[in-house]
Each structure stands twice: as structure tokens, then as C-alpha cells.
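S.K.: Take this structure, written in C-alpha cells, and hold onto it; I'll ask about it next.
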Amino acid sequence: DCQLVVRVEDKDKLVGTTELGESRIDLRELDLLAGWLEGNGGQRSAGAGGESTVRLSRFIDIFKAEEKGAVLLGLSFLPTSQRITVHITQCNRLAKTADSAVHNKAVVRLFLLNESGRVLKKRKTAPFDPNGGRVELDELFHLDVDIERWDRCVILIVLSRIISPAVGEATTTEAVRSPPVYQHSGHVALGKRVLGHAERIHWNSAFQSPRRVISQWHGLH
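Note that our numbering numbers the sequence shown so that position 149 is 136, with each residue one more than the last.
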């Protein structure tokens, strides 16, 4: 038995690849359909070299969102100093990786994006062990942002696992100096115009209460 699998993915350089859905077609179904068209005078598209094409339409089965954990974030707007403060307090329910020796460390990365998705600022936490499920971070980040940008910017929080060399691999000086390789394990975006309802509510609550820290749990997508 052979199947044709068509998969739809969303690829982003900051959050990695997200599988959205797929459609599976049994190749025996194509043979039956081609024979039915020929027997009933149906039309088939002719391609180069005399090859024929059978046109099909299929629905995409949407993948159910996986549980990737949650992060507790504190958000505060400081109009006088034109600053946004983000408090990454803790992570919870983080999934364990199949190979903890290769993914034994992780970081939470923070990106400040403008309205077109360009990275304006980026920060990251100290590395930590994500395989315990619950992690206390308690790290504070100050982002200097002009007030006129507050309505248009987005704060992207990304949980990234650090891929370490496999045990037994030779470690060269170049490898030690090379930048870390990240495997993204979940993200959440805060902003006035982001898609997530809870994320918009958190942003607007902090925006309407300047100088107060508003904390809220967010699931990682």
C-alpha cells in the first residue's frame, strides 16, 4: 500500500517549523479514478510527453495543538522612561525530550518586533535544565521603546532547547566558539494586535495600568 502525503508547514526563523496539517491520498484511489474517467469520457489534463494528470481536491486535516508547557510572564509599561519591562518568572509543564543528553539545556529568548516583524531588540535568560517540568527563572528585562511604538510592537517569547554535541564527538576550538544551535520548543506572542485572545488581554491590561506589573500564565504554542 502506498500513500501520497501532502503536509502544510509554517516555517519561521524565530520560532522554527510548525506543522499545521496534512492530507493523505491512497495511490490505489488514483488508479480507480483514472480508469473511471477513461470509461466515462471524462477529461484529463495532458502534460508534456503525453502524460495525463488527474486533478483531485482534498481537505487538510488540521493537527491538534500539542501541550508544550506554560510560562508565567509579568508585563509593565513605564511611560516616563519610555520602557517596557518583561518579567519571565517561571516555566511549568515543560515536556521532556527523548534524548535529554543532547537537549539538556534550554533558554527563554525574548524578541521585540516592529509592525513588519523586524527584530528591534533581543534578550535571553541564563541556560537551565528544562527536563524537570517546572523551572524558576525570575529574570527581568527592560526594553527601551518609544511610546508611539507601543501600539504596534510585539513581544515574542520563545522556549529554545540548546543542541549539544553528542557524547564522544570531537570538540574543536571552532566548535566551541561557534554560536549555539537552538531547537525551538514553544512560543507565545504579546501585543495589541496578536491573534491570541489571552495575550491581547494581558497586553491591554498592563497598557491601561502603567507602572503596575501585570502577571499571567500563557500556554506555549
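Quick reminder that beta carbons are idealized off the backbone N, C-alpha and C, glycines included.
Computed from a prediction, not measured in an experiment: that's the story for all the values here.
With contact counted as at least three CB pairs below 8 Å, one residue from each stretch, are the region 121 to 128 and the region 64 to 81 in contact?
M.R.: yes
S.K.: Taking the alpha-carbon positions, what's the valine 181 to valine 141 distance?
M.R.: 8 Å
S.K.: Is the distance from the Cβ of proline 167 to the Cβ of isoleucine 149 below 7 Å?
M.R.: yes
S.K.: Between Gln195, Pro66, Gln203, Leu127, which lies nearest to arginine 96 when the distance is taken from Cα to Cα?
M.R.: Leu127
S.K.: If you reduce the DSSP assignment to three classes, tell me which class serine 202 lands in.
M.R.: strand
S.K.: So arginine 198 and valine 132 are supposed to be a Cβ contact under 8 Å. How far apart are they, rounded?
M.R.: Contact flag wrong, Cβ pair sits at about 15 Å.
S.K.: Name the two residues that bound the continuous alpha helix (DSSP H) containing phenylalanine 46.
M.R.: Unbroken run through phenylalanine 46: none, as it is neither H nor E.
S.K.: Of the choices Phe46, Gln170, Glu135, His205, whose alpha-carbon is the least far from that of glutamate 9?
M.R.: Comparing Cα-Cα distances from glutamate 9 to each of Phe46, Gln170, Glu135, His205, the minimum goes to Phe46.
S.K.: In this structure, does DSSP put arginine 187 in helix, strand or coil?
M.R.: helix
S.K.: Alpha carbon to alpha carbon, how far is alanine 113 from asparagine 91?
M.R.: Roughly 13 Å separates the two Cα atoms.
S.K.: Take glutamate 186 and list the residues in its own chain whose beta-carbon comes closer than 8 Å to its own, dropping the five residues that flank it on each side.
M.R.: Val175, Ala176, Leu177, Gly178, His205
S.K.: Would you mind stating whether lysine 109 and leucine 207 have Cβ atoms separated by less than 7 Å?
M.R.: no
S.K.: Using CA atoms only, rank isn't needed, just tell me which of Lys(-2), Asp48, Val2 is closest to valine -8.
M.R.: Asp48
S.K.: Would you decide whether serine 202 is buried or exposed? Buried here means 16 or more other CB atoms lie within 10 Å of its CB.
M.R.: exposed
S.K.: Just to confirm before moving on: does the CB-CB distance between histidine 129 and threonine 67 stay below 7 Å?
M.R.: Using a Cβ distance threshold of 7 Å, histidine 129 and threonine 67 do not count as a contacting pair.
S.K.: Name, in chain order, the residues that DSSP records as bridge partners for glutamate 102.
M.R.: Bridge partners of glutamate 102: none, in fact.
S.K.: Would you report the Cα separation of glycine 104 and serine 44, rounded to the nearest angstrom?
M.R.: 33 Å
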